[in-house]
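Before any comments, here is the structure.
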Amino acid sequence: MDKNFFEYAPAPESRALVSIKAQYGLFINGAWVEPKTKDKFATINPANEEVLSKISQASDSDVDRAVKAARAAYLKTWSKMPAKERGKYLFRIARIMQERAREFAVLETLDNGKPIRESRDVDVPLAAAHFFYHAGWADKLDYAGLGINPKPHGVVGQIIPWNFPLLMLAWKIAPALATGNTVVLKPAETTPLTALLFAEVCQQAELPAGVVNIITGDGATGAALVNHPGVDKIAFTGSTEVGKLIARSIAISGKNATLELGGKAANIVFEDAPIDEAVEGIVNGIFFNQGHVCCAGSRLIVQENIYDDLLAKLKRRMSLIRVGDPLDKNTDLGAINSAAQLAKIKELSASGDTEGAFRWSPDCQLPSKGFWFAPTIFTGVTQSHRIAREEIFGPVLSVLTFRTPQEAIEKANNTPYGLSAGIWSEKGSRILWASKALKAGVIWANTFNKFDPASPFGGYKESGWGREGGRHGLAPYLKGAK
Ligand code: NAI
Ligand code: MG
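Letter by letter, the sequence shown follows residues 1 to 482 in our numbering.
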């Protein structure tokens with residue numbers, strides 16, 4: 001491929017759209033407060049390692065303050081408010097998010113490293129869409145088929161990861177508020193800025209004080225929230241490892257929990273698949289958001305007789321991926337979110353080399369500062385390789401092959417996870433057969449990574465408990481609902 005085939009002039013989005021404070025307190029009971037210990041940690045831009053701001057480390061007593069504020073708001077205001085009025089606040093939040101969309105997109109890209117094209121076109125619009133969708137549910141819960149006059153739990157503790165910071169906040173807060181719960185949310189330590197901007201949106205929407213509380217900190221803050229006796233329900237998205245810890249620590253507490261954990265999705269390409277579309281879907285499946293996606297199509301499972309053709313086309317397509325400045329509107333692949341995540345991707349990729357798989361990346365120049373990893377595929381992967389079993393959570397695709405459809409399903413299901421899967425075939429009956437046989441919560445056919453607030457999302461086995469989104473996603477926030 002001619003290297004200059006797709007040269008674009010830089011088109012950076014303006015940083016001036018956001019104003020980042022030098023430091024942030026905690027958002028408790030509708031106001032900014034200083035943490036009791038005054039401990040701060042830095043959040044950086046992973047594309048150049050610039051310190052963006054200093055963030056508060058909430059201690060146990062700060063968690064306690066936030067939970068008490070949420071309880072008081074629940075008892076005095078939120079549980080007494082007519083559902084229709086609650087819905088109005090959600091509509092208001094959704095509209096403000098739309099109005100401030102560019103600000104949110106730039107801030108997300110700076111703090112997370114994802115391309116502005118994705119934060120602008122996916123994360124932020126979908127986050128607003130989640131608030132719009134759930135705003136509509138607030139006064140219709142009696143008709144959702146979840147029981148007569150279903151009741152909220154009370155105070156919900158929510159812990160989110162760094163891969164889709166604002167979007168995960170929306171997935172958590174929108175259904176919680178729509179169903180009449182109040183919230184204490186903790187964003188991930190490397191990406192707290194859009195959650196802190198969201199706190200300003202709550203103020204702007206004049207949401208009653210204490211209905212949403214945002215506290216920042218590391219895993220210790222998360223654990224304090226999980227273990228606080230005043231929290232009635234936990235909603236967590238993150239690693240399977242921490243998910244298991246949470247499940248253990250709430251085991252006999254009577255607390256409800258939804259856990260959205262890891263994945264190792266199979267993207268299966270049958271011999272009759274539309275190859276060019278499949279190549280786009282494979283690229284989207286693994287390189288979207290640098291592969292920091294729990295439902296990423298990280299195992300490509302290809303029918304043997306089309307393997308050579310598909311691989312040649314995939315490599316050609318991968319050589320057109322533009323890696324670099326996340327704020328550049330032309331960028332396809334941004335920065336890896338943290339030094340720790342980069343180390344994990346490097347370690348797992350090295351295991352691919354030593355275990356006998358073959359590594360390939362297009363020729364691409366990585367920036368000298370920040371955390372970067374070239375789009376990579378491994379061929380010759382077998383099911384016993386670590387890169388076929390463990391979640392890499394980076395732009396690394398493992399390629400396996402199959403001869404019969406049955407073998408494809410067996411390989412796809414041979415994982416402790418079960419979050420998502422992809423099927424590429426022009427034969428409808430094959431799609432229906434395969435989607436029934438695959439043990440995964442979300443199955444895409446001839447597409448990948450499509451999200452909609454009306455569509456439930458969640459996994460089997462070690463991918464977690466419960467569903468988020470759609471009518472199904474309301475149930476975990478209501479007592480006794482199924
Ligand atoms: P993590 O699970 O440690 O972090 C997710 C969130 O949980 C963060 O807000 C963190 O502060 C919080 N947390 C950490 N320890 C906690 C505890 N004991 N109790 C309560 N909350 C706690 O994920 P990490 O370390 O950032 O990433 C490690 C791996 O996890 C990644 O390489 C990836 O494979 C996977 N991961 C999966 C995600 C998903 O969407 N399924 C999201 C993030 C990571
Ligand atoms: Mg950051």
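Just so you know, even glycine gets a beta-carbon here, dropped at the ideal spot from N, CA and C. Note that the coordinates shown come from a computational prediction; the quantities given were computed from them, not determined experimentally.
Can you name, in chain order, every residue of its own chain whose Cβ lies under 6 Å from the Cβ of residue i, other than the five neighbours on each side?
i, result
"Arg-322", "Asn-330, Thr-331, Asp-332"
"Gly-380", "Ala-357, Phe-358"
"Ala-209", "Asn-29, Gly-30"
"Gly-217", "Gln-57, Ala-58"
"Pro-362", "Met-318, Ser-319"
"Thr-191", "Asp-111, Asn-112, Trp-162, Pro-165"
"Glu-85", "none"
"Thr-77", "Pro-208"
Rounded to whole angstroms, what is the Cα-Cα separation between residue i and residue j?
i, j, result
"Pro-150", "Leu-327", "45 Å"
"Pro-456", "Gly-87", "20 Å"
"Gln-383", "Tyr-74", "50 Å"
"Val-293", "Phe-164", "8 Å"
"Leu-207", "Tyr-89", "7 Å"
"Val-399", "Asp-121", "29 Å"
"Arg-102", "Gly-428", "40 Å"
"Phe-104", "Gly-285", "24 Å"
"Met-1", "Ser-463", "Its pLDDT being 47, under 50, Met-1 is placed unreliably in this model, and the value from its coordinates should be taken loosely. Their backbone Cα atoms lie some 39 Å apart in a straight line."
"Pro-161", "Asn-112", "11 Å"
"Pro-453", "Ala-176", "14 Å"
"Ser-119", "Val-106", "8 Å"
"Ile-93", "Leu-17", "20 Å"
"Ala-350", "Ala-72", "52 Å"
"Gly-297", "Gly-422", "7 Å"
"Arg-389", "Thr-415", "6 Å"
"Gly-219", "Leu-185", "13 Å"
"Ile-55", "Ser-79", "32 Å"
The beta strand (DSSP E) with residue i in it runs from where to where?
i, result
"Trp-32", "31-33"
"Ile-93", "Ile-93 -> not in any beta strand (DSSP E); alpha helix (DSSP H) instead, spanning 83-99."
"Lys-54", "50-56"
"Ile-443", "442-445"
"Gly-422", "420-424"
"Lys-186", "182-186"
"Pro-213", "Position check: residue 213 holds Asn in this sequence, whereas Pro was assumed. Looking at the DSSP string, the run of the beta strand (DSSP E) that includes Asn-213 is 212-214."
Which residues in the same chain have their Cβ closer than 7 Å to the Cβ of residue i, if we skip the five residues on either side of it in sequence?
i, result
"Thr-447", "Gly-281"
"Trp-465", "Ala-257, Thr-258, Leu-259"
"Gly-147", "Gly-480, Ala-481"
"Asn-48", "Lys-369, Gly-370"
"Leu-126", "Leu-167, Phe-451"
"Ile-246", "Val-226, Ile-234, Phe-236, Ala-257, Leu-259"
Helix, strand or coil for residue i? Go by DSSP, reduced to three states.
i, result
"Asn-413", "helix"
"Leu-310", "helix"
"Gly-136", "helix"
"Leu-320", "coil"
"Leu-177", "helix"
"Gln-406", "helix"
"Gln-383", "coil"
"Lys-40", "strand"
"Arg-299", "strand"
"Gly-394", "coil"
"Met-1", "Because the pLDDT of Met-1 is 47, which lies under 50, any placement of that residue in the model is unreliable, and the number read from its coordinates should be weighed accordingly. If DSSP states are grouped into helix, strand and coil, Met-1 belongs with coil."
In the DSSP assignment, find the unbroken alpha helix (DSSP H) run with residue i in it and report its ends.
i, result
"Gln-203", "193-204"
"Gly-222", "219-227"
"Thr-354", "339-354"
"Arg-486", "Lying outside 1 to 482, the shown extent of the chain, residue 486 is not represented and no answer is given."
"Phe-358", "That residue, Phe-358, is in no alpha helix (DSSP H); its beta strand (DSSP E) goes 358-360."
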